[in-house]
Amino acid sequence: SGPLKLYKLGEQKGKLLIVVD
Amino acid sequence: SLNWCPIPAGQTLPTTEGKVGFLDTNLPTMKNGNTNPTGAVAAVRYDDNIYCFASACPSCQVPLSKAKILPANEETKQRAPRLTCDFCKATYSLGDGSKLQ
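Residue numbers (my numbering), protein chains in the order written: chain A, 202 to 222; chain B, 725 to 825.
So, in C-alpha cells, the structure goes:
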C-alpha cells in the first residue's frame with residue numbers, strides 16, 4: 202500500500218478551501 | 725499553481741485536539757462511487773496545526789475516524805506527528821504522508 206494522501210487547507214473570507222490535484 | 729477549491733458551507737474544522745473529523749468536499753475529483761460518495765477528507769487538530777488527509781487508511785481502506793495521533797519521533801525527524809490506523813495499526817507521517825516502519 203502507498204502513502205497517506207495529504208491535502209492542503211486554507212481559509213478565505215471565512216470559507217474553507219482545499220487544494221486538489 | 726495550486727488548484728484551490730471551496731469546501732461547501734457548514735463544514736467546520738475539528739476543534740478537539742487529536743480527534744479525527746471529516747469534511748465533505750463534494751468535489752467530483754474527491755468522490756469515489758461507493759466508498760466515498762461525499763468526497764470526504766479527514767482532518768485533525770494537533771499542536772496548533774490542522775492536518776488534512778485521505779478519509780480511509782491506504783493499507784486497510786477502513787475510515788480513519790478512530791485513528792490516533794502520536795507525537796513526532798526520530799522517524800519523522802521530530803518534525804511531524806504521526807497517525808496510526810486504529811484498525812490495522814499502519815502508521816504514517818503527517819508531514820509527508822509516508823508510511824512508517
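Backbone N, C-alpha and C fix where the C-beta goes; we use that ideal spot for every residue, glycine too.
Computed from a predicted model, the values in this text were never measured in an experiment.
{"query": "Quick check: the Cα distance between B:L726 and B:S789, rounded to an integer number of angstroms?", "result": "27 Å"}
{"query": "For the beta strand (DSSP E) that contains B:A796, what are its first and last residues?", "result": "That residue, B:A796, is in no beta strand (DSSP E); it is neither H nor E in DSSP."}
{"query": "DSSP state of B:K790, grouped into three classes?", "result": "helix"}
{"query": "Look at B:L751 and A:V221 and say whether their C-beta atoms are less than 7 Å apart.", "result": "yes"}
{"query": "Rounded to a whole number of angstroms, what is the C-alpha to C-alpha distance between B:F811 and B:C729?", "result": "31 Å"}
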